[in-house]
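Scroll down for the structure; my scribbles are underneath it.
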Amino acid sequence: MLKGLLVSIEGAYDTLPSMEQRVARYILDHPKDIIDMSVQKLANETKVSQATIVRMARSLRCNGFKELKLRIAADLALSGEVGDDYQLFRVEGDTEELIKFVSHNNAKSIKDSVSVLSKDSVEEAIRRLAAARKIGVFGIGASSVVAEDFKIKVMRLNKWCEVGYSEDMQAIIASGLTEEDAVLGISYTGHNEGVLHAFQVAKERGAVLISLTQFGSNPIAELADIPLFTSNLEKHYRLGAMASRIAQLNVIDILYVGLVTQNYEENIRALERTKLAVKQPKL
């Protein structure tokens, strides 16, 4: 089963140029062979230029072909830890099968998404969010549910955080931000025009842009200062934003816990205050 960089290659495949897709397909079909290959030999096997191979490696956020090979070798060494692939839903299945199907795909989505999350990017996102005076969160449709979850968590830490649920509100929030602020843009595809427009407005205002999209090339991630990714291997099995939403919420929880630890004592006090406030009798 795929793991780590191999998950990233499969997920990004459709966004790669045709010549890079040729290299990606060869790697996915012959991962063990790649480890001992030179870039020249791989170029000969796939009938592309060496520069194409290097570009593909960089598209996958590797420094070059050497790092790509090392990461694939690590993936293969850990391949025994990976569970089954995403499962297809059978209409004629019973309730027990339904429970297992949904739970398996949700767990699989989280595992695959951990493989495409950059530790350095997560650390930088947490640092910039903690330092931000204001945080704007943008997401439309199913992504707005994830955005609202992040807003509630952040507000419990006594930080200003606002969600734009419509394209107009996102643009209005973005127009009021400054270089002291941060934006989190959430879009599974990375192509939502409303989020992209708000990102552009926020960038003009100097705010730091953090994106959360599927892995691969997309306009929102490319505009972001700090792109964060979830796996998109569920795309062939989607019955709606299910496992992908779970993976996004997992990243949101990672960012939230990271924020708590940035100023732990003060944040714990803030959490206690909000806990007491919601427990008090309502008049």
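Under the working numbering, the first residue of the sequence shown carries the number -2, and numbering increases by one thereafter. Each residue gets a CB set at the ideal place from its N, CA and C atoms; glycine is no exception.
If you draw a 10 Å sphere on the C-beta of residue 37, you find fewer than 16 other C-beta atoms in it, and that means exposed.
Secondary-structure assignment with DSSP links residue 224 through a beta bridge to 208. Using a Cβ distance threshold of 8 Å, residue 181 and residue 226 do not count as a contacting pair.
For residue 184 against residue 106, the beta-carbon gap comes to about 16 Å, at or over 8 Å, which does not count as contact. For residue 137 and residue 163, the gap between their C-alpha atoms comes out near 7 Å. Contact between residue 195 and residue 207 is absent: CB atoms are separated by about 13 Å, not below the 8 Å threshold. Using a Cβ distance threshold of 8 Å, residue 179 and residue 132 count as a contacting pair.
Judged by their CB atoms, residue 4 and residue 113 are nearer to each other than the 8 Å cut-off. Per DSSP, residue 8 lies in no beta strand (DSSP E); the unbroken alpha helix (DSSP H) holding it starts and ends at 2 to 9. For the set 116, 10 and 167, the Cα lying nearest the Cα of residue 223 is the one of 116. Within the model, the alpha-carbon separation for residue 155 versus residue 277 is close to 18 Å. For secondary structure counted as the beta strand (DSSP E) over 3 or more consecutive residues, the region 138 to 167 holds these complete runs in sequence order: 157 to 161. Collapsing the DSSP output to three states places residue 32 in coil. CA-to-CA, the gap between residue 8 and residue 103 works out to about 16 Å.
In this structure, residue 123 and residue 252 form a Cβ contact; the two beta carbons are roughly 6 Å apart against a cut-off of 8 Å. Setting aside the 5 residues that flank it on each side, residue 191 is surrounded in the same chain by 137, 164 and 167, each with a C-beta closer than 7 Å to its C-beta; the list follows chain order. Annotation: the continuous beta strand (DSSP E) that includes residue 181 extends over 179 to 183. Within the DSSP secondary-structure output, residue 62 pairs in no beta bridge.
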